[in-house]
Amino acid sequence: MGQLRELLTTFRLQLTEPGLRPALESSCQEYSAHFGFTVQLDYQLPPRFVPSHQAIHLLQIAREALSNALKHASATEVTVTVSQRDNQVRLVVADNGRGVPDHAERSNHYGLIIMRDRAQSLRGDCQVRRRETGGTEVIVTFIPEKTFSIQ
0 MGQLRELLTT FRLQLTEPGL RPALESSCQE YSAHFGFTVQ LDYQLPPRFV PSHQAIHLLQ
60 IAREALSNAL KHASATEVTV TVSQRDNQVR LVVADNGRGV PDHAERSNHY GLIIMRDRAQ
120 SLRGDCQVRR RETGGTEVIV TFIPEKTFSI Q
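Numbering (numbering that gives the first Met the number 0), first residue to last: 0 to 150.
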């Protein structure tokens, strides 16, 4: 029920200035400070590359992945990477925990379903998989909408 409430709330939110990078920095610092694991952020996008109505979904996917690392993975380290290749944005949240079970989505892990739904709303893709080195990796890719300003 809590996840449904959060989903409904965040679908109505808009990310205002200062933008995606500070919001991700704040989330990473929050998880590091309050939950006792190290979160590193590697943010490589130019300013305003992702429109705010899409950035909120990316932020919430990252927060859900951080929450999963805390609740389910027993992770001690998480890396959040946001990068660009051509016009495509790529978010990777990788942890060193025990790895996502193969049956996780079939077992009513609604957080995974919500992350995929958010990625689809971005016209993108979300993959959740075990890392070869251990842990879980959430990978979201999408092409951000172009924003036009009237001058």
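Positions of the beta carbon are idealized from the N, C-alpha and C atoms, including for glycine.
Local conformation of residue 41 per DSSP, three classes = For the purposes of this step, residue 41 is taken as the residue at position 42 of the sequence shown. Residue 41 falls in the strand class under three-state DSSP.
Taking residue 51 as part of the alpha helix (DSSP H), name the residues at either end of that continuous run.
-> Taking the sequence shown and counting its residues from 1, one reaches residue 51 at position 52. 51-70 is the span of the alpha helix (DSSP H), which, as asked, contains residue 51.
Among the residues of its own chain, which have a CB less than 6 Å from the CB of residue 136, if the five just before and after it don't count?
-> Position 137 of the sequence shown, counted from the first residue, corresponds to residue 136. Once the five neighbours on either side are set aside, the close Cβ partners of residue 136 are 93, 128 and 130.
Measure the alpha-carbon distance for residue 27 versus residue 38 and round it to whole angstroms.
-> Looking up residue 27 in the sequence shown gives position 28. Looking up residue 38 in the sequence shown gives position 39. Residue 27 and residue 38: Cα-Cα distance of roughly 6 Å.
In whole angstroms, what separates the C-alpha of residue 59 from that of residue 133?
-> Locating residue 59 in the sequence shown gives position 60, where the first residue counts as 1. Locating residue 133 in the sequence shown gives position 134, where the first residue counts as 1. Rounded to the nearest whole angstrom, the C-alpha separation of residue 59 and residue 133 is 24 Å.
Spatial distance of residue 79 from residue 140 (CA atoms) = As a first step, residue 79 is located in the sequence shown; it is residue number 80 there, counting from the start. As a first step, residue 140 is located in the sequence shown; it is residue number 141 there, counting from the start. Each residue's alpha carbon lies about 14 Å from the other.
Inter-residue spacing [alpha-carbon to alpha-carbon] between residue 110 and residue 138 = Taking the first residue of the sequence shown as 1, we reach residue 110 at position 111. Taking the first residue of the sequence shown as 1, we reach residue 138 at position 139. Approximately 14 Å, taken between the alpha carbons.
Between residue 61 and residue 68, is the Cβ-Cβ spacing less than 8 Å?
-> In the sequence shown, counting from the first residue as 1, residue 61 sits at position 62. In the sequence shown, counting from the first residue as 1, residue 68 sits at position 69. No, they are not a contact pair.
CA-to-CA distance, residue 142 to residue 30, given in whole angstroms = The sequence position of residue 30 within the sequence shown is 31, counting from 1. The sequence position of residue 142 within the sequence shown is 143, counting from 1. Annotation: residue 30 to residue 142 spans about 28 Å, alpha carbon to alpha carbon.
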